[in-house]
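Sequence lines, in order, name chains A and B.
Add 15 to a position in the first sequence, counting from 1, and you land on the number used in my numbering.
Add 150 to a position in the second sequence, counting from 1, and you land on the number used in my numbering.
Yeah, the Cβ is synthetic: ideal placement off N, Cα and C, and Gly gets one too.
I have placed the structure first, in the form of structure tokens, so that the comments after it can refer back to it.
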Amino acid sequence: MPFRYEERVSPKGRPYVRLHVSGELSLADAHEYAGHFRAGGRYHGMHTLSFVEKGTEYGPEARKIFLEVGQSAPHATVTSSALVRAAINLMSRFSPKTGRYRMFATEPEALAWLDDKEA
Amino acid sequence: MSLTVDAARIHELLDVLVAAAAGDYDVRLKLRENDDALLDVETGVNFLLDELIERRLHNEAQEEELLTRARRLARQRDELMQALSTPVITVWPGVLTLPLVGRVDDERAAAITAGLLARVGAERASHVILDLTGVGALTDGTMPAILRMVRAIGLLGATCLLTGIRPDVAQQLIALGGADVHVRALARLSDALASVLADKGLLQGT
Numbered sequence: 016m017p018f019r020y021e022e023r024v025s026p027k028g029r030p031y032v033r034l035h036v037s038g039e040l041s042l043a044d045a046h047e048y049a050g051h052f053r054a055g056g057r058y059h060g061m062h063t064l065s066f067v068e069k070g071t072e073y074g075p076e077a078r079k080i081f082l083e084v085g086q087s088a089p090h091a092t093v094t095s096s097a098l099v100r101a102a103i104n105l106m107s108r109f110s111p112k113t114g115r116y117r118m119f120a121t122e123p124e125a126l127a128w129l130d131d132k133e134a
Numbered sequence: 151m152s153l154t155v156d157a158a159r160i161h162e163l164l165d166v167l168v169a170a171a172a173g174d175y176d177v178r179l180k181l182r183e184n185d186d187a188l189l190d191v192e193t194g195v196n197f198l199l200d201e202l203i204e205r206r207l208h209n210e211a212q213e214e215e216l217l218t219r220a221r222r223l224a225r226q227r228d229e230l231m232q233a234l235s236t237p238v239i240t241v242w243p244g245v246l247t248l249p250l251v252g253r254v255d256d257e258r259a260a261a262i263t264a265g266l267l268a269r270v271g272a273e274r275a276s277h278v279i280l281d282l283t284g285v286g287a288l289t290d291g292t293m294p295a296i297l298r299m300v301r302a303i304g305l306l307g308a309t310c311l312l313t314g315i316r317p318d319v320a321q322q323l324i325a326l327g328g329a330d331v332h333v334r335a336l337a338r339l340s341d342a343l344a345s346v347l348a349d350k351g352l353l354q355g356t
């Protein structure tokens, strides 16, 4: 499974979703993600910290779904891959800038940013 | 912002752009973990190619759908034309009338003849009145086709009558040897019907 979800609590006591992402993301995977984060989904409106592994690929159909879902709450992504960063950067350009999404190189800085962001 | 990049990446980028411009959207840049701004551009080119392929597939599907619809409409039109071009009417038991309208070419004449002969057989018709009042442009094949129709009706044992022959059509008939075909010609459809009914002894006073 390309997605692994965990519910955690931040150092400041804020509940958040820790999401681990890897592999090739297909349309079905994107729909699964959307089901969790769209209105009515289990993680809708929750802060999210995602870790996207090197080699993760966003399929063309999947990309459109991710763009539609948008961000209902602050979302920080940690990745060490320049390729993943470029792909996400590009997708982000199609979404309206809400200030709710940022990429980081390390978990502590991502978590600190997330903890300071109001929903 | 200044950027120093390997010339090979620029060459590859140009090669892919040229291939795409020539309609080959299957080409892709080989992306490597280069943490620079050119990687964003390279990724963007690959995304764009993905999008172009998707649009092309979508267009092809739409084109196929339009073609299917056009074929269905053409078939319906042909069926309608077929029905309209052979309006064989039973005006009396055993008496059929076919008002020919518009242009009659070989193909249409063949379709009309087939439909008409089937009706003659099915209804054991004794008379067929071909009304040519509405025949428009006469192509080279029109009159021979009508004469073949007349002969075929005769072979089934029915008598053929022609009505509504215009002067120019009459001249063509003569030129084509139509005078040798045993066919009665009358001015109007009503005259032909009266004649047939008189032959059958159904019209008093004639």
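Pair within 8 Å by beta-carbon distance, residue i and residue j
{"i": "residue 62/A", "j": "residue 29/A", "result": "yes"}
{"i": "residue 37/A", "j": "residue 71/A", "result": "yes"}
{"i": "residue 314/B", "j": "residue 343/B", "result": "no"}
{"i": "residue 270/B", "j": "residue 306/B", "result": "yes"}
{"i": "residue 267/B", "j": "residue 302/B", "result": "yes"}
{"i": "residue 278/B", "j": "residue 246/B", "result": "yes"}
{"i": "residue 52/A", "j": "residue 82/A", "result": "no"}
{"i": "residue 311/B", "j": "residue 334/B", "result": "yes"}
{"i": "residue 174/B", "j": "residue 75/A", "result": "no"}
{"i": "residue 136/A", "j": "residue 176/B", "result": "Outside the shown range of chain A (16 to 134) lies residue 136/A, about which nothing can therefore be said."}
Top-ranked residue by Cα proximity to residue i, from the options
{"i": "residue 236/B", "options": "275/B, 190/B, 321/B, 261/B", "result": "261/B"}
{"i": "residue 43/A", "options": "78/A, 104/A, 54/A", "result": "78/A"}
{"i": "residue 132/A", "options": "50/A, 116/A, 123/A, 110/A", "result": "116/A"}
{"i": "residue 203/B", "options": "346/B, 178/B, 182/B, 183/B", "result": "178/B"}
{"i": "residue 124/A", "options": "66/A, 46/A, 18/A, 55/A", "result": "66/A"}
{"i": "residue 192/B", "options": "21/A, 102/A, 114/A", "result": "102/A"}
{"i": "residue 85/A", "options": "48/A, 17/A, 16/A, 20/A", "result": "48/A"}
{"i": "residue 159/B", "options": "172/B, 181/B, 151/B, 227/B", "result": "181/B"}
Residue i, DSSP secondary structure in three states
{"i": "residue 17/A", "result": "coil"}
{"i": "residue 66/A", "result": "strand"}
{"i": "residue 133/A", "result": "coil"}
{"i": "residue 33/A", "result": "strand"}
{"i": "residue 195/B", "result": "helix"}
{"i": "residue 155/B", "result": "coil"}
{"i": "residue 24/A", "result": "strand"}
{"i": "residue 341/B", "result": "helix"}
Other residues of its chain near residue i: CB distance less than 8 Å, five sequence neighbours each side excluded
{"i": "residue 319/B", "result": "282, 285, 288, 293"}
{"i": "residue 95/A", "result": "69, 120"}
{"i": "residue 153/B", "result": "186, 187, 188"}
{"i": "residue 207/B", "result": "none"}
{"i": "residue 166/B", "result": "177, 178, 179, 195, 199"}
Identity of the residues DSSP links to residue i by a beta bridge
{"i": "residue 353/B", "result": "The partner list for residue 353/B (beta bridge, DSSP) is empty, contrary to what the question assumes."}
{"i": "residue 116/A", "result": "90/A"}
{"i": "residue 280/B", "result": "248/B, 312/B"}
{"i": "residue 335/B", "result": "312/B"}
{"i": "residue 285/B", "result": "252/B"}
{"i": "residue 239/B", "result": "247/B"}
{"i": "residue 73/A", "result": "40/A"}
Same chain only: Cβ atoms within 6 Å of residue i, ignoring 5 sequence neighbours per side
{"i": "residue 39/A", "result": "72"}
{"i": "residue 88/A", "result": "60, 61, 62, 134"}
{"i": "residue 196/B", "result": "178, 179"}
{"i": "residue 280/B", "result": "248, 312"}
{"i": "residue 155/B", "result": "188"}
{"i": "residue 299/B", "result": "263"}
Close-in-space but distant-in-sequence residues of the same chain around residue i (CB under 7 Å, 5 per side omitted)
{"i": "residue 31/A", "result": "23, 25, 61, 62, 63, 64, 129"}
{"i": "residue 308/B", "result": "270, 275, 276, 277, 278"}
{"i": "residue 241/B", "result": "247, 343"}
Any non-hydrogen atom of the ligand ADP closer than 7 Å to residue i Cβ
{"i": "residue 314/B", "result": "Summarising the ligand content, the structure contains no ligands, and the ligand ADP is consequently not present."}
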